[in-house]
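In full-length UniProt numbering, the protein residues as written are 1 to 189.
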């Protein structure tokens, strides 16, 4: 049975096989520590029955499956207070088991309790597997962000979709009305 639990500092040394997956955005240790300090309730991992991490792991003794990392941000006055999915990662050998959906559900529940209007995330336009999964979970494309992801080795930067799902506080679903034109990263608040 998989157990969901809070991410700990020790987990930083156990998640390399997911972080090295080409579909996963990677960050420096200070970035992860900032999230852990400011939004610990949004930083969750899954563990296998024997205590093996099922979220981020490198050791042969550990089965690494997934983790979710997010935060709460925005303005309540402008009805933009929301949960943001910073990272959702599932090890290739554990994909298509419903684990990502379970973590997204947990993040949405936390965002509901915090009074959020919506949950949002950014995903590479080329990552159609993830885009389709998010659509199945009720997310829709709110806008395209041009050249959001930096490319390596001379490739052009890649666009992202800003995908959103309205929460119960947004009774009129205003937060998910798509923008008619793309934006640039510097235009994002």
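Positions of the beta carbon are idealized from the N, C-alpha and C atoms, including for glycine.
Sequence-distant Cβ neighbours of residue 107 in its own chain, meaning closer than 7 Å and more than five residues away, are 42, 68, 70, 83, 85, 119. Here residue 33 is exposed: its Cβ has fewer than 16 other Cβ atoms, across all protein chains shown, within 10 Å. Here DSSP, grouped into helix, strand and coil, assigns residue 79 to coil. Remark: C-beta atoms of residue 151 and residue 157 approach each other more closely than 9 Å. Annotation for residue 176: 118, 140, 142, 164, 165, 166, 170 place their beta carbon closer than 8 Å to its own, counting only its chain and skipping 5 residues before and after.
About 14 Å separates the Cβ atoms of residue 72 and residue 44, ruling out a contact at the 8 Å cut-off. Burial state of residue 116 is buried, judged by a 10 Å Cβ sphere holding 16 or more other Cβ atoms. By the neighbour-count criterion, in which 16 or more other beta carbons inside 10 Å mark a residue as buried, residue 14 falls on the buried side.
Around the beta carbon of residue 94, a 10 Å sphere encloses 16 or more other beta carbons of the protein chains shown; the residue is thus reported as buried.
Following the DSSP letters along the chain, one finds residue 137 in no beta strand (DSSP E), marked with neither H nor E.
For residue 128 and residue 135, the gap between their C-alpha atoms comes out near 10 Å.
For residue 179 and residue 39, the gap between their C-alpha atoms comes out near 29 Å. Within the model, the alpha-carbon separation for residue 149 versus residue 3 is close to 32 Å.
Per DSSP, the unbroken alpha helix (DSSP H) holding residue 31 starts and ends at 29-38. When the Cα atoms are used, residue 161 and residue 27 turn out to be separated by approximately 20 Å. Collapsing the DSSP output to three states places residue 103 in a helix. Cβ neighbours of residue 81 within its own chain (closer than 8 Å, five residues either side excluded): 72, 73, 74, 75, 114, 115, 116, 117. The Cβ-Cβ distance between residue 145 and residue 188 falls below 9 Å. Taking the Cα of residue 184 as reference, the smallest distance to any Cα among 147, 92, 78, 77 is reached at 147.
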